[in-house]
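> Quick one: the structure is below, questions incoming.
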Amino acid sequence: MRIRWYILSRLLEVFAGTMAVLFGVMLIVQWMRIGRAVTLRDLDILLLTFVPMSSFVIPMALIFSILIVLERFSVESEIIAMKACGVRSASIFTPVLFLASCCLLVHMTVSTYLGPLTMKKIQADLAREAPKKVLAFLEERDFNDMFKDTIIYVESVNQKKKQLRGIFIEIPGTDRAVITAEKGTIDADGRTITMRLFHGSVFMGTPKSDRLLTFDEYAFTLEADLAAQLRIKGYETATQPEFRTLLEKDRTPKGVKEYHSRYSFPVFNLILGLVGISFGIQRPRSPRHTGFIFGIVTILGYYLVFVLADRLVKSGLMDPVIGAWAPDIAFAAVLALVWLRQTFARGDRV
């Protein structure tokens, strides 16, 4: 019992440290994704992003912690000492499988329920706050299509003074209009976004006539699709029962694959536990950091199989359900081959 607790405590120490490092890295990535709409004052939104991010952090922290701890035990000859004292391999590997099972349960809960609910909360908070920071979404010298039925080009944006310069606006459609202005401002009152332009012209073209008007000041309202700008997809905010309802209305291969991936990805934690058991124990004189390198190779391998399956599903060459479980199937097959090889190798030695 003490041996199991000793191994589990070491696993938890490395697991917690790895989680902290990976959360820091993922937070930077998430900041790049939604940083235009949040500031340090929106700390609650940033903290909420930790919940959906844990779906990616948990498996990576698990495989790194298992491989690093078992490698350390091997290099320092603790595994040999345990077996010399009569400790069975099952006692050594039980804490590993226990941690992997806990990660599976937590990951499954986050993937199917807590993650979507958190994303729904984040989307609601950002949709409420984003109009006040609409200037952050306007990129200089680029065509912005964040507003409904409107394309805006801005030469320069002054975030402090909330001023725009060199404005070009196109409203496509049957009644096409082109608006130019020397400068302008954007104000948000609640969810209403008002643009005021100064010293410009409006060209309006219809099938019957064309008109050109000049103005000193021109104000109009805009409707922004900020959820799309934040790249939050509809299914990301749907719990598993809600996702099933969405699929009944619109059953797409991508949706079906994503639905089943919410189960297959958490199951991968258990496979990672078996991977760690198979490759974590090294010879005492093996090069250090082998576990860390193998952990990176494992994550990259899963990603490559995932991307390949995703491409095959999109092209219609693979069933979406099989595509969702393909990475798990591939790693399970590799493990089976490794165990068979080890079994035959032991038989040859005998």
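Numbering (our numbering), first residue to last: 910 to 1259. Glycine included, each C-beta is placed from N, C-alpha and C at the ideal position.
Kindly indicate the opening and closing residues of the alpha helix (DSSP H) around residue 1017.
Start and end: 998 to 1018.
> Under three-state DSSP, which class holds residue 1113?
In the structure shown, residue 1113 sits in a strand (DSSP, three-state: E or B).
> Among the residues of its own chain, which have a CB less than 6 Å from the CB of residue 1162, if the five just before and after it don't count?
So the qualifying residues of the chain are 1222 and 1229.
> Let me check one thing: in DSSP terms, what residues is residue 1121 bridge-paired to?
Partner(s): 1112.
> Go ahead and pull the three-state DSSP assignment for residue 1132.
It is coil, neither helix nor strand.
> Taking C-beta to C-beta, are residue 1121 and residue 1107 nearer than 7 Å?
Not closer than 7 Å, so no.
> Looking at the unbroken beta strand (DSSP E) that takes in residue 1074, where does it start and where does it end?
Start and end: 1072 to 1080.
> Is there contact between the stretch 1018 to 1035 and the stretch 924 to 940, where contact requires at least three CB pairs shorter than 8 Å?
Counting Cβ pairs under 8 Å, fewer than three are found: no touch.
> Taking the Cβ atom as the reference point for each residue, do residue 916 and residue 1004 lie within a distance shorter than 7 Å?
In this structure, residue 1004 lies closer than 7 Å to residue 916 by Cβ.
> Which class does residue 1186 belong to by DSSP, given the choice of helix, strand or coil?
Helix, per DSSP.
> Grab the span of the alpha helix (DSSP H) containing residue 974 for me, first residue to last.
Taken as a continuous stretch (DSSP letters only), the alpha helix (DSSP H) holding residue 974 covers 959 to 984.
> Given this structure, state the Cα-to-Cα distance separating residue 1202 from residue 994, to the nearest angstrom.
Cα to Cα, the separation comes out at about 31 Å.
> Quick one: what's got a C-beta closer than 7 Å to residue 1114's C-beta in the same chain, skipping five residues either side?
Correct list, in chain order: 1085.
> Tell me the start and end of each unbroken alpha helix (DSSP H) in the stretch 1139 to 1181 that is at least 4 residues and wholly inside, in chain order.
Segments of the alpha helix (DSSP H) lying fully in the stretch 1139 to 1181: 1149 to 1158.
> Return helix, strand or coil for residue 991, following the three-state DSSP convention.
Residue state, collapsed to three classes: helix.
> Do residue 1178 and residue 1009 have their C-beta atoms within less than 7 Å of each other?
Yes, Cβ-Cβ distance for residue 1178 and residue 1009 is below 7 Å.
> Please name the residue in 1252, 979 and 959 whose C-alpha comes closest to that of residue 918.
When only C-alpha atoms are compared, the closest one is 979.
> Which of helix, strand or coil does DSSP assign to residue 1259?
Only weak support is given to the placement of residue 1259: the predicted model assigns it a pLDDT of 43, under 50, and the question is left unresolved by the model.
> For residue 1072 versus residue 1089, is the C-beta distance shorter than 7 Å?
Not a contact, by the Cβ cut-off of 7 Å.
> Which residues does DSSP list as the beta-bridge partners of residue 1106?
Paired residues: 1093 and 1127.
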